[in-house]
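Novice: Sequence order for the protein chains is A, B and C.
Quick note on my numbering: the first sequence kicks off at 20 and runs consecutively.
Quick note on my numbering: the second sequence kicks off at 39 and runs consecutively.
Quick note on my numbering: the third sequence kicks off at 874 and runs consecutively.
First, the structure itself, so that you have it in front of you.
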Amino acid sequence: MKTKLLVIALLLAGLSAIDRPSFAHHGAAAFDMSKPVVLKGATVTEFLWINPHPLIKADFKDEKGEVQHWTMEMGSTISAQLLGWTRTTLAYGDVVNLYVWQAKTKLPVGRFNKVEFSDGTVMRDTQTGADDGGRADTDVRQ
Amino acid sequence: MTRHSIVVLLAVVAVVAAVDGLVAQRGRPTAEGFVSEGVPRMPNPPGPAPKRDLSGAWVGPRGTNKPDPVPPMTAAGQAVFKTRSNYGSATRPGAKDGEASSNDPFITCDPLGFPRNLLAHAITQRGGTLFATAPNRIIIAGEQQRVWREIWMDGRALPKAVDVRGAPESRYYGYSVGHWENDTTLVIDTTGVDERPWLDEEGHPRSSSAHITERYTRVDQYNMQLTVTVDDPKFYTKPWTFMRADFYWMKAQEFAETLCIPSEAIQYRDTLAKPSGIAIP
Amino acid sequence: MRNRYIGAIAGVAGVLLLSALAVAQNNAQNNAPRSPWKYYPVDRAVGDGGPAPKRDLSGTWAGPSSGSGAPRQKGEVVPPMTDLGKQLFARNKPIGKFSPGGTNDPHSRYCDPFGVPQNMTQEIRGMTIAKTENRTFLLLQYMDLWREIWTDGRSLPATVGGRAKDTHDPKYNGYSVGRWEDDYTFVVETTGLAPETWATKSGYPHSVDARVVERFHRSTHNDLSLNIVMTDPKLYTQPFNLGEVYFRWVPNQMLDDFTCIPSEQQLYLKEMGDPAGSDPNETNPQGPRGGRGGRP
Chain A
20 MKTKLLVIAL LLAGLSAIDR PSFAHHGAAA FDMSKPVVLK GATVTEFLWI NPHPLIKADF
80 KDEKGEVQHW TMEMGSTISA QLLGWTRTTL AYGDVVNLYV WQAKTKLPVG RFNKVEFSDG
140 TVMRDTQTGA DDGGRADTDV RQ
Chain B
39 MTRHSIVVLL AVVAVVAAVD GLVAQRGRPT AEGFVSEGVP RMPNPPGPAP KRDLSGAWVG
99 PRGTNKPDPV PPMTAAGQAV FKTRSNYGSA TRPGAKDGEA SSNDPFITCD PLGFPRNLLA
159 HAITQRGGTL FATAPNRIII AGEQQRVWRE IWMDGRALPK AVDVRGAPES RYYGYSVGHW
219 ENDTTLVIDT TGVDERPWLD EEGHPRSSSA HITERYTRVD QYNMQLTVTV DDPKFYTKPW
279 TFMRADFYWM KAQEFAETLC IPSEAIQYRD TLAKPSGIAI P
Chain C
874 MRNRYIGAIA GVAGVLLLSA LAVAQNNAQN NAPRSPWKYY PVDRAVGDGG PAPKRDLSGT
934 WAGPSSGSGA PRQKGEVVPP MTDLGKQLFA RNKPIGKFSP GGTNDPHSRY CDPFGVPQNM
994 TQEIRGMTIA KTENRTFLLL QYMDLWREIW TDGRSLPATV GGRAKDTHDP KYNGYSVGRW
1054 EDDYTFVVET TGLAPETWAT KSGYPHSVDA RVVERFHRST HNDLSLNIVM TDPKLYTQPF
1114 NLGEVYFRWV PNQMLDDFTC IPSEQQLYLK EMGDPAGSDP NETNPQGPRG GRGGRP
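Put into structure tokens, the structure is as follows:
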């Protein structure tokens, strides 16, 4: 019985967590928040720890074997730090799976969602790091 | 007035840099009631210096700066210095477009950083410095760019390293501790500065491991002297006195709002500097 | 229906995974040696720390979105605008709607200073308050900027802007005077604000004659609140409540650096902001304006 209540409680918590992505400051308008583009086995070429948004640059080889050069932004350095990000979390040469909300311009740019490292670790964005595009930092943000 | 003066400032700062040494010697007569041009004298003669108290606003270095020459650099220091093209060179008459273009980060308002912010980067040489207190700290607020620094007075040690795991990150105005050497001299030690800003107008470098020492001596109620030494073995073959300057009590105790406005700086660069052949990237 | 539940489970899984990660991070931080020179959000002030000292706000405070646990910031409540107000507002393209690629917010495009009052509602994650005999200083973490508030009883300047002989120049941070309303409430009045700045991130304007009243209230040793109201009859028919900002005392009194570097801003716009474009007609709800307290 307890387990059943727990499951229900978790499901309810999950339902309420399904929010429209909320970009109070920046605006989600420029990005397609319906589903992320997955860059499997991408190679990081640069990680710029700057403001207003750190930039992750990565090369991704598509099915045709062509290399796409991607640039994606994430939440500010000072917010990202609350989730454990540092300027060396990503570095040149890292091979990772990158999830990104692509810009509606269809250029290889977008808003970072999450990264999966080869050891299974996942690091997320602040504002759009949840799998549905919502915030992933509510635990620590306030 | 201040924002418009940025345009004027950029246009003639090269001239100021070139004749910096000459201005003090030219001996333009100082009007009665002024310590130097534009700096009003207090009506009464100064009393003795209060003990362990610099609080208030001071005007300096007022063209009085007498630094030692920059010593020879190490190979690492030279390598960084080579990458920099200062504004003075870029705007010298005859400088070729593209060959001598300046990459001074302050042109588009990147932070001056410490200790360049102590050099009054203003045509008037009337930059100012202000001392206030917060718990266990002395606060130094500069007129230049309205930036503040905090000087910890609780006896703590400076960080031994920066930018490594577990250590703080290097930052534009560094990390500072201070103590009173006697009742009128405050000594401040700073380290951990971000390496991007220039040390001075010429573009000399300084490393994040440099130790920069300020010595503020309150001579009397209205006069203060500042000596700044730089000890940076990574980039220089020996320490030297970077700054020796006099400060005077500011009568009105209120600084102008001296802010570099990036949009204005970019507009200046694109609508005036570039078409005029002052080559700036 | 079924997809919704799968989505719910995915959402829960995401939350649980993140919580585990946050706990792991916290544990790692808890076990690592602390540097006195860094800010540690896990080291939050506990409780009220005792009664507030009288007439004393000095020290280092952590604001919204700093991880300090301060109560959520309350957002602006916009009053009706005059015709001139509407005209000026219509010219502004806030970043929330227009994205970096389409905004004309001078801070978002250039790192131009926010000015007062926006620098007290945006990026106000950290602030140190210091003083001298005749002034109180607000030392903002963001941009390393300081504001001075005269407490010597002087009045605000009568005229700012315009061409009269004795007028004062407008300033990004205006001219401020302050006084204690009671032993725990410090009231600051500011005028002479350079009209280039936006009063809010959402693009509401202000004139040089706007008067901003900030009410700082220290309810306990560890709690500070700030209420901001702007009166600007040229542009708004009633006073404009810009919201409430809440701060908590920082136990080790240290803040990390956080600033806007113009060259980095330009790099960001060139590589990311402008290529990503702008879609002001997107109708996706974007969350309550200002309610989340500062730039996430």
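Virtual Cβ for every residue (Gly too), placed ideally from N, Cα, C.
Count the CB pairs spanning the segment 974-994 of chain C and the segment 916-925 of chain C that are closer than 8 angstroms, and state whether there are at least three.
Specialist: The segment 974-994 of chain C vs the segment 916-925 of chain C: no contact.
Novice: Output, in chain order, the set of chain A residues within a Cβ distance shorter than 9 angstroms of C/PRO914.
Specialist: Taking the third sequence and counting its residues from 1, one reaches residue 914 of chain C at position 41. Residues of chain A passing the Cβ test: GLN100, LEU101 and VAL159.
Novice: Going along chain B, which residues have a C-beta under 7 angstroms from C/GLY942?
Specialist: Indexing the third sequence from 1 puts residue 942 of chain C at position 69. None at all; the shortest Cβ gap to chain B is about 21 angstroms.
Novice: At a Cβ threshold of 8 angstroms, is C/ASP1152 touching chain A?
Specialist: Taking the third sequence and counting its residues from 1, one reaches residue 1152 of chain C at position 279. Judged by the 8 angstroms Cβ criterion, C/ASP1152 is in contact with chain A.
Novice: Could you name the residues of the same chain whose beta carbon sits closer than 7 angstroms to that of B/LEU310, not counting the 5 residues immediately before and after it, in chain order?
Specialist: Reading the second sequence from its first residue, position 272 is the one you call residue 310 of chain B. Taken in chain order, the list of residues that qualify is empty.
Novice: For the alpha helix (DSSP H) that C/GLY974 lies in, which residues bound it at each end?
Specialist: In the third sequence, counting from the first residue as 1, residue 974 of chain C sits at position 101. It spans 968-975 - the alpha helix (DSSP H) in which C/GLY974 sits, taken as one unbroken run.
Novice: On the premise that C/VAL1123 lies in contact with C/ALA963, defined as a C-beta separation below 8 angstroms, what is that separation, rounded to the nearest angstrom?
Specialist: Here residue 963 of chain C refers to the residue found at position 90 when the third sequence is read from its first residue. Here residue 1123 of chain C refers to the residue found at position 250 when the third sequence is read from its first residue. About 41 angstroms; that fails the 8 angstroms criterion.
Novice: Alpha carbon to alpha carbon, what distance is there between B/GLY166 and B/PRO81?
Specialist: Walking along the second sequence from the start, residue 81 of chain B turns up at place 43. Walking along the second sequence from the start, residue 166 of chain B turns up at place 128. If you take the alpha carbons of B/PRO81 and B/GLY166, they lie about 20 angstroms apart.
Novice: Along the beta strand (DSSP E) that carries A/HIS88, what are the first and last residues, could you check?
Specialist: On the first sequence, residue 88 of chain A is found 69 positions in, with the first residue counted as 1. Looking at the DSSP string, the run of the beta strand (DSSP E) that includes A/HIS88 is 86-92.
Novice: Any beta carbon of chain C sitting closer than 8 angstroms to that of A/THR90?
Specialist: Walking along the first sequence from the start, residue 90 of chain A turns up at place 71. For A/THR90, the answer is yes, since a Cβ of chain C falls inside 8 angstroms of its Cβ.
Novice: For the alpha helix (DSSP H) that contains C/ASP956, what are its first and last residues?
Specialist: By one-based count along the third sequence, residue 956 of chain C stands at place 83. Note, C/ASP956: alpha helix (DSSP H), 956-964.
Novice: Between C/GLY1126 and chain B, is the shortest Cβ-Cβ distance under 8 angstroms, so that the two count as touching?
Specialist: Translated into the one-based positions of the third sequence, residue 1126 of chain C becomes position 253. Rather than Gly, the amino acid found at residue 1126 of chain C in this sequence is Gln. For C/GLN1126, the answer is yes, since a Cβ of chain B falls inside 8 angstroms of its Cβ.
Novice: In whole angstroms, what is the alpha-carbon distance linking B/GLY126 and C/HIS1079?
Specialist: The count along the second sequence starts at 1 and reaches residue 126 of chain B at position 88. The count along the third sequence starts at 1 and reaches residue 1079 of chain C at position 206. Looking at the two C-alpha atoms, the distance is approximately 39 angstroms.
Novice: Contact between the segment 1060-1067 of chain C and the segment 1080-1090 of chain C is defined here as three or more beta-carbon pairs at a separation below 8 angstroms; is this criterion met?
Specialist: Yes, the segment 1060-1067 of chain C touches the segment 1080-1090 of chain C.
Novice: Closest to C/ALA1072 by CA distance: which of C/ASP978, C/ARG945 and C/ARG907 is it?
Specialist: Stepping through the third sequence from its first residue, residue 1072 of chain C is reached at position 199. Nearest of C/ASP978, C/ARG945 and C/ARG907 to C/ALA1072, Cα basis: C/ASP978.
Novice: In whole angstroms, what is the alpha-carbon distance linking B/PRO156 and B/LEU237?
Specialist: Within the second sequence, the letter at position 118 stands for residue 156 of chain B. Within the second sequence, the letter at position 199 stands for residue 237 of chain B. In the sequence on display, residue 156 of chain B carries Leu and not Pro. Their backbone Cα atoms lie some 10 angstroms apart in a straight line.
Novice: Does chain A have any CB closer than 8 angstroms to the CB of C/ALA1149?
Specialist: Working through the third sequence from its first residue, we reach residue 1149 of chain C at position 276. Output row for C/ALA1149: interface = yes.
Novice: Leaving out five residues on either side along the sequence, give the residues of the same chain with a beta carbon under 6 angstroms from the beta carbon of A/ALA155.
Specialist: Here the question's residue 155 of chain A lines up with position 136 in the first sequence. Taken in chain order, the residues that qualify are ARG143, GLY148 and ALA149.
Novice: Work out the CA separation of A/GLN121 and C/ARG1020 for me, nearest whole Å.
Specialist: In the third sequence, counting from the first residue as 1, residue 1020 of chain C sits at position 147. In the first sequence, counting from the first residue as 1, residue 121 of chain A sits at position 102. In a straight line, the C-alpha of C/ARG1020 is about 40 angstroms away from that of A/GLN121.
Novice: Suppose contacts are defined by Cβ-Cβ distances below 8 angstroms. Is B/ARG100 in contact with B/VAL77 by that definition?
Specialist: Walking along the second sequence from the start, residue 100 of chain B turns up at place 62. Walking along the second sequence from the start, residue 77 of chain B turns up at place 39. Yes; because the gap between Cβ atoms is below 8 angstroms, this pair is in contact.
Novice: Of the choices B/ALA294, B/LYS276, B/THR255 and B/TYR274, whose alpha-carbon is the least far from that of B/PRO86?
Specialist: Your numbering for residue 86 of chain B matches position 48 in the second sequence. Taking only the C-alpha atoms, the option nearest B/PRO86 is B/THR255.
Novice: Less than 8 angstroms between the C-beta atoms of A/VAL128 and A/ALA61, yes or no?
Specialist: Numbered from 1 along the first sequence, position 109 holds the residue referred to as residue 128 of chain A. Numbered from 1 along the first sequence, position 42 holds the residue referred to as residue 61 of chain A. For A/VAL128 and A/ALA61, no; Cβs fall outside 8 angstroms.
Novice: Does the beta-carbon of C/LEU957 have 16 or more other beta-carbons within 10 angstroms, so that it is buried, or is it exposed?
Specialist: Residue numbering aside, residue 957 of chain C sits at position 84 when the third sequence is read from its first letter. By the 10 Å Cβ count, C/LEU957 comes out exposed.
Novice: I'd like to confirm the pairing. Which residues does DSSP put opposite C/LYS947 in its beta bridges?
Specialist: By one-based count along the third sequence, residue 947 of chain C stands at place 74. For C/LYS947, which the question treats as bridged, DSSP gives the partners C/GLU1117.
Novice: Taking the C-alpha atoms as reference points, what is the distance between A/VAL141 and A/LEU109?
Specialist: The residue you call residue 141 of chain A lines up with position 122 of the first sequence. The residue you call residue 109 of chain A lines up with position 90 of the first sequence. About 12 angstroms.
Novice: For B/ALA283, I'd like the list of residues in its chain whose CB is within less than 6 angstroms of its CB, leaving aside the five on either flank, ordered along the chain.
Specialist: Stepping through the second sequence from its first residue, residue 283 of chain B is reached at position 245. GLY98, PRO99, THR102, ASN103 and LEU264.
Novice: In terms of residue numbering, what span does the beta strand (DSSP E) encompassing C/THR1063 cover?
Specialist: Working through the third sequence from its first residue, we reach residue 1063 of chain C at position 190. Unbroken beta strand (DSSP E) run through C/THR1063: 1058-1064.
Novice: Would you please verify whether the beta carbon of B/SER93 is less than 8 angstroms from any beta carbon of chain C?
Specialist: Along the second sequence, read from residue 1 onward, the residue named residue 93 of chain B stands at position 55. Taking Cβ atoms only, chain C reaches closer than 8 angstroms to B/SER93, which makes this a yes.
Novice: Pull out every residue of the segment 987-1013 of chain C whose Cβ sits closer than 8 angstroms to any Cβ of chain B, in chain order.
Specialist: For the segment 987-1013 of chain C, which is checked against every Cβ of chain B, the residues closer than 8 angstroms are THR1001, ILE1002, ALA1003, LYS1004, THR1005, GLU1006, ASN1007, ARG1008, PHE1010 and LEU1012.
Novice: Using a C-beta to C-beta distance shorter than 7 angstroms, which residues of chain C count as neighbours of B/LEU297?
Specialist: For this step, residue 297 of chain B is matched to residue 259 along the second sequence. Going along chain C in sequence order, the residues near B/LEU297 (Cβ under 7 angstroms) are PRO986 and TYR1045.
Novice: Give a yes or no on whether the C-beta atoms belonging to B/VAL266 and B/GLU252 are separated by under 8 angstroms.
Specialist: Counting from one through the second sequence, the residue named residue 266 of chain B turns up at place 228. Counting from one through the second sequence, the residue named residue 252 of chain B turns up at place 214. Contact: yes.
Novice: Would you list, in chain order, the members of the segment 1015-1041 of chain C that have their beta-carbon closer than 9 angstroms to a beta-carbon of chain B?
Specialist: Residues MET1016, ASP1017, LEU1018, TRP1019, ARG1020, GLU1021 and TRP1023.
Novice: Considering only the alpha carbon of each residue, which of C/ASP1042, C/LYS927, C/ARG917 and C/PRO1112 lies closest to C/ASP1055?
Specialist: As a first step, residue 1055 of chain C is located in the third sequence; it is residue number 182 there, counting from the start. Of the candidates C/ASP1042, C/LYS927, C/ARG917 and C/PRO1112, the one whose C-alpha sits nearest the C-alpha of C/ASP1055 is C/LYS927.
Novice: With 8 angstroms as the C-beta to C-beta threshold (strictly closer), list the residues of the segment 1109-1138 of chain C near chain A in chain order.
Specialist: Here the close residues are ASP1129, PHE1131, THR1132, CYS1133, ILE1134, GLU1137 and GLN1138.
Novice: Out of A/THR96, A/GLY112, A/ASP113 and A/TYR111, point me to the one whose CA is closest to A/THR105's CA.
Specialist: Numbered from 1 along the first sequence, position 86 holds the residue referred to as residue 105 of chain A. Measuring from the Cα of A/THR105, the nearest candidate turns out to be A/THR96.
Novice: Please report the straight-line C-alpha distance between C/GLU1144 and A/MET91, rounded to a whole angstrom.
Specialist: Within the third sequence, the letter at position 271 stands for residue 1144 of chain C. Within the first sequence, the letter at position 72 stands for residue 91 of chain A. Between C/GLU1144 and A/MET91, the C-alpha separation is close to 9 angstroms.
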